[in-house]
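Protein chains in written order, with this note's numbering: chain A, 5 to 334; chain B, 19 to 307. C-beta: ideal position from N, C-alpha, C; glycine also. Remarks on the structure that follows.
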């Protein structure tokens, strides 16, 4: 199959996938659909996270912080500035707020690589967590803040219950946001900027030699990555209907790392696949047993030991093996 | 009144020092950032509380010593199992796998604690009550807090002597500096990495055990010490004993005065200090560049 044929097949597959996703609203029961929406939100976050891990070679263990900033921006506007509780203001606000926080934290973090980068991102996300818990008169402490249904383009959805809103129009809104975010990320990593990031990851010294300002590029990647998390957090706050500090806790950030690895961090779609799978896995583990952490933990350990490239990675290598078997026969 | 804050700060520092020293040994010698370190702390706390409770008829001293030893042994044993099963294959793997597998271990250990001891809190204040209070500069102060500081100082001294003066310690430092070279020189890598891991784990277990007479053993108790130990290691510098001492003193005093004077902002101030130190000195106070 030639390269052109490959592009055609891929294009048709993507279109079919999008149509399937759009139709999902009428196929899945409301409960499953809302769970899927949670997965999509985490998927957006995973895309942002993987810009750092896969393309820049930086493993953040504190991306929950930017997710939390996005979610809390929505909730705080809802609580203190109800007049501005409109989707057209909320989402850009969430992205902008997380960009600011990511810019400040990133400035410190990108001075380090490898393990110190991970420790620092983790510690800084715990700073956000501590602030959210301690400043209870502003943030509601560990009780969190409610995030009601916003108005979208003047339409207020008055009198609509949340599950109805979520399994109705909001699904398509979220899906559109997800698809746009995915397309932008795809374009970004295939742009010269994305290639420059890869060169930084592969060889810092050489990248510096060919004129790439390493730290500045890392910083920019960090901010973009944080903005994706902020967008995901903002979108998620409506799905969850309630925002609590747990999303800033490093354990949540660890789950994001897990999702990405589960799906496979070496592929573009990996984090998204992992996020959706993880959302379902975790929910069924929690509802099935009191010891869900044991299940998640054992799965994680097994995954790292046996399937380090994740689900999409394993599938790709199986496909490659099948193909090579086929050619050998010929 | 100020002396109480300073003493409380030293008391916080003691736990931090033990925890971060264990973390730092595992990180420095083996290059593994052990996210399950806080769970080893929690294991120590539950074990000590349980032993002190069981030995309540034999007297608090027996219970206390038994509890601390049991906490260390249990943490070391779990460390041994962890190293042999899941950490060993990770030495040559990229960082993300190391972090993930220890994160998995953390989840598993937390639930194993829940399985073993149930979800409720364990109280064991016997040793604390037994030691009573002493007079310091006209104020009363719990003797147990001073005891913890003494134990910690003794541990720190032992570790320093071990690292600086014994052949094993020197070999450990050689591994920390250059793994491949150390292996080429014929250092028994397998035995030493297990030793280092068990040593680091037992320090976390001891810290957990020491804490239990003053506050109950709860699920998730190891999370905060873990984060604090990270901060200590980051600001003190990786693999530096001096750094661990100074780092825990800074963090401990900040916490103590923070709790006293600005409770809402105690954690943020701590992070602010850490960030300022790191912007000025990215490798930490005593870290190698």
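Q: State the DSSP-derived secondary structure class of residue 235/B, mapped to helix, strand or coil.
A: strand
Q. Do you know whose CA, among 64/A, 310/A, 329/A, 324/A, lies nearest residue 108/B's CA?
A. 310/A
Q) chain A beta carbons: is any one of them nearer than 7 angstroms to that of residue 228/B? A) With 7 angstroms as the cut-off, residue 228/B does not count as an interface residue toward chain A.
Q. Of the residues 216/B, 21/B, 269/B, 89/B, which one's Cα is nearest the Cα of residue 231/B?
A. 89/B
(Q) Strictly below 7 angstroms CB to CB, what residues from chain A border residue 115/B? (A) 308, 312
Q.
Quick check on this structure: which residue in 218/B, 167/B, 66/B, 192/B has the alpha carbon closest to the alpha carbon of residue 233/B?
A. Between residue 233/B and the set 218/B, 167/B, 66/B, 192/B, the nearest pair of CA atoms involves 66/B.
Q. Three-state secondary structure (DSSP) at residue 196/A?
A. helix
(Q) Run through the DSSP bridge pairs and tell me what residue 158/B is partnered with. (A) 153/B
Q: Report yes or no: is there a C-beta of chain A within less than 7 angstroms of the C-beta of residue 243/B?
A: False, the Cβ-Cβ gap to chain A never drops below 7 angstroms.
Q. Hey, residue 336/A and residue 205/A are a contact pair by Cβ (cut 8 angstroms); roughly how many whole angstroms apart?
A. No statement about residue 336/A is possible, as the shown extent of chain A runs from 5 to 334 and does not include it.
Q) For a contact meaning CB atoms closer than 7 angstroms, what does residue 292/B contact in chain A? A) The contacting residues are 127.
**Q.** Proximity below 7 angstroms, CB of residue 250/B to CB of residue 34/B
**A.** In contact: residue 250/B and residue 34/B (Cβ atoms closer than 7 angstroms).
Q) How would you call residue 129/B, buried or exposed, if buried means at least 16 neighbouring beta carbons within 10 angstroms? A) buried
Q. Pick from 59/B, 60/B, 188/B, 83/B: whose alpha carbon is nearest that of residue 70/B?
A. 83/B
Q. Using the C-alpha atoms, what's the distance from residue 31/B back to residue 168/B?
A. 12 angstroms
Q. Taking one C-beta from the region 91 to 102 of chain A and one from the region 119 to 129 of chain A each time, how about it: are there three or more such pairs within less than 8 angstroms?
A. no
Q. If you measure from the beta carbon of residue 305/A to each beta carbon in chain B, is any gap under 7 angstroms?
A. By this cut-off, residue 305/A is an interface position.
Q) In this structure, what does DSSP give as the bridge partners for residue 246/A? A) 150/A
Q: Mark residue 254/A as exposed unless 16 or more other C-beta atoms lie within 10 angstroms of its C-beta, in which case mark it buried.
A: Taking all protein chains shown into account, residue 254/A has 16 or more neighbouring C-beta atoms within 10 Å of its C-beta and is therefore buried.
Q) By a C-beta neighbour count over all protein chains shown, 10 Å radius and 16 as the cutoff for buried, is residue 315/A buried or exposed? A) buried
Q.
Beta-carbon within less than 8 angstroms of residue 283/B's beta-carbon, same chain only, minus the 5 sequence neighbours each way: which residues are those?
A. The residues 276, in chain order, have a CB closer than 8 angstroms to that of residue 283/B in the same chain once the five nearest residues on each side in sequence are set aside.
Q: Indicate whether at least one CB of chain B lies closer than 7 angstroms to the CB of residue 134/A.
A: yes
Q) Buried or exposed: which applies to residue 24/A, given that a residue is buried once 16 or more other Cβ atoms fall within 10 Å of its Cβ? A) exposed
Q: Please list, in chain order, all residues of the same chain as residue 143/B whose beta carbon is under 6 angstroms from its beta carbon, the five residues on each side excluded.
A: 231
Q: Please list the partners that residue 122/B has in chain A, where partner means a Cβ-to-Cβ separation under 9 angstroms.
A: 262, 300, 301, 302, 303, 304, 305, 306, 307, 308
Q.
Just to make sure I have the definition right: I need the residues of chain B whose C-beta is within less than 9 angstroms of the C-beta of residue 258/A. Which are they?
A. The contacting residues are 53, 117, 118, 121, 124, 125.
Q | Neighbourhood of residue 300/A by C-beta distance below 7 angstroms, restricted to the same chain and skipping five residues each side | A | 286, 289
Q. Taking one C-beta from the region 146 to 156 of chain A and one from the region 240 to 248 of chain A each time, how about it: are there three or more such pairs within less than 8 angstroms?
A. yes
Q: Output, in chain order, the set of chain B residues within a Cβ distance shorter than 8 angstroms of residue 122/A.
A: Within 8 angstroms Cβ-Cβ: 51, 113, 117.
Q | Whether residue 48/A touches residue 235/A by CB criterion (7 angstroms) | A | Cβ atoms of residue 48/A and residue 235/A: closer than 7 angstroms.
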